[in-house]
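Participant: Residue numbers (our numbering): 186 to 255. Please find one structure pasted underneath; my questions will follow.
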């Protein structure tokens, strides 16, 4: 559906589909998504995901009392 809406690059694909926002942060799906986007648009360079860090740094002390259970 995103390709039908005219997505031209990975950043646009991420914004419309949330691809790359899962637990793996795109390490599993981004290669597949890039290939599909290249084929659909005919473009060789469709970009790459850039890491986005938290707006405000989180101090390690914020995690201190969370415990060790996962």
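Every residue, glycine too, gets a C-beta built ideally from N, C-alpha and C.
Please classify residue 198: is it buried, with 16 or more other beta-carbons within 10 angstroms of its beta-carbon, or exposed?
Facilitator: The residue given as residue 198 occupies position 13 in the chain shown. Result: buried.
Participant: In three-state terms, what does DSSP make of residue 237?
Facilitator: Mapped onto the chain shown, residue 237 falls at position 52. Looking at residue 237 - three-state DSSP - the assignment turns out to be coil, as it is neither helix nor strand.
Participant: Where do the N-terminal and C-terminal ends of the alpha helix (DSSP H) with residue 215 fall, by residue?
Facilitator: Taking the chain shown and counting its residues from 1, the one referred to as residue 215 is at position 30. Element bounds for residue 215: 215-226.
Participant: What is the residue span of the alpha helix (DSSP H) that residue 195 lies within?
Facilitator: For the purposes of this step, residue 195 is taken as the residue at position 10 of the chain shown. Looking at the DSSP string, the run of the alpha helix (DSSP H) that includes residue 195 is 195-202.
Participant: Residue 202 and residue 225: beta carbons closer than 7 angstroms?
Facilitator: Walking along the chain shown from the start, residue 202 turns up at place 17. Walking along the chain shown from the start, residue 225 turns up at place 40. No; because the gap between Cβ atoms is not below 7 angstroms, this pair is not in contact.
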